[in-house]
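With mature numbering (1 follows the signal peptide of the UniProt record, and there is no 0) as the guide, the letters of the sequence shown map in order to residues -21 to -1, 1 to 275.
Ideal placement from N, C-alpha and C gives every residue a C-beta, glycine not left out.
Fair warning: this is a prediction, and the values are worked out from it, not measured in the lab.
Below is one structure, written out as structure tokens, with a few remarks after it.
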Amino acid sequence: MKQKIVLLTILSLALMSCTMRQVGHIVYGMPSTKVHPIQFENTSQIADLKFIFPDTANNAYLKELRDTYGLKKLTAQATTDKEKALTILSWTNQQWNHNGANEPTKPDALTILKEAQEGKQFRCVEYGVVSTDALLSIGLKARVLGIKTKDVETSKTGAGHVLAEVWLREFSKWALIDGQFNIMPVLNGVPLNAVEFQDAIVNRKPFELINSEGSISKQAKKNYLAFVSHYLYYFDIAFDERRLIEKENRYTYKEKPKLMLVPNEGKNPTTFQRKNTLNYCDYTHSVKEFYKAPGL
């Protein structure tokens, strides 16, 4: 009995010394918050790799989205792709409050926004879809981006987050946007993609987190980095960003609908949060492939 009391006392003291996130990792199977330095290849590994984006002018779904929500008028004063992206980002963020337990009846922006107007609230996934499709509807190239922790296979919950990336023509590069938090990372005025953002965090570069109103506060930046940093390990995107098309007409590569960027030192994950099979990705270590310009 005495030994049990001593053991319980030791466990109690150990738990008290942990942060709440550490307690979550130990007790509830949440992912570790440790941020890992990562490296990638900068050469092409897949010769015939391509990504498909919808034809904005002739896509009825995007036209309905653009017209129904006045997105062309909303972005009319924006003179650059960056300004357009920040305008759409803020608009997306305002459409509903986050609820990680809810899903829409169908995973497209029109359904999500209609149900949000009815009072429903949705996950990070839906912020990613709405921001992506809204940007596509005004003629920009955009894509939904999934990010996952290093321990994605062994964590029981909370191992993934969803954002978006948009191609900015004035910078000739992809830029990360987070619709859930209304944030775009920039370094010396240049928007960062997800891998660049992770590098800036690890190497303590003087980056800012901005939205259409300017830089966010130091406390808001601290809070966001505490949330997002450990997710930036695995990165995945769809080969085909067209919504509302039949599965058999959707472009895949080797019958996989997504491409996952895996660090050189990482393994190819095949399980998501212990019990869900992760079998829908082709894998690459090449940041050059993952961030190739649209249309190339």
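Judged by their CB atoms, residue 242 and residue 17 are nearer to each other than the 8 Å cut-off.
When the beta-carbon positions are compared, residue 270 and residue 28 stay at least 8 Å from each other. Annotated three-state conformation of residue 227 is helix, per DSSP. Between the alpha carbons of residue 109 and residue 21 lies a gap of roughly 31 Å.
With 16 or more other CB atoms across the displayed protein chains lying within 10 angstroms of its CB, residue 72 is buried.
Where residue 63 is concerned, the enclosing alpha helix (DSSP H) starts and stops at 60 to 72. Here residue 105 is near residue 83, since their CB atoms are less than 8 Å apart. In this structure, the straight-line span from the alpha carbon of residue 180 to that of residue 208 is close to 7 Å. Take the alpha-carbon of residue 131 and the one of residue 259: they are about 15 Å apart.
Taking all protein chains shown into account, residue 38 has 16 or more neighbouring C-beta atoms within 10 Å of its C-beta and is therefore buried. With a cutoff of 8 Å on beta-carbon distance, residue 129 and residue 8 are scored as not near each other.
Within a 10 Å sphere around the beta-carbon of residue 256 sit fewer than 16 other beta-carbons, which makes this residue exposed. The beta carbons of residue 172 and residue 153 sit about 4 Å from each other, so the pair counts as a contact at 8 Å. Comparing alpha carbon positions, the residue from 96, 170, 261 closest to residue 186 is 170.
Contact annotation: residue 211 and residue 126 have beta-carbon atoms nearer than 8 Å. Taking the CA atoms as reference points, residue 100 sits about 31 Å from residue 227. Per DSSP, residue 217 is one residue of the beta strand (DSSP E) stretching across 213 to 217.
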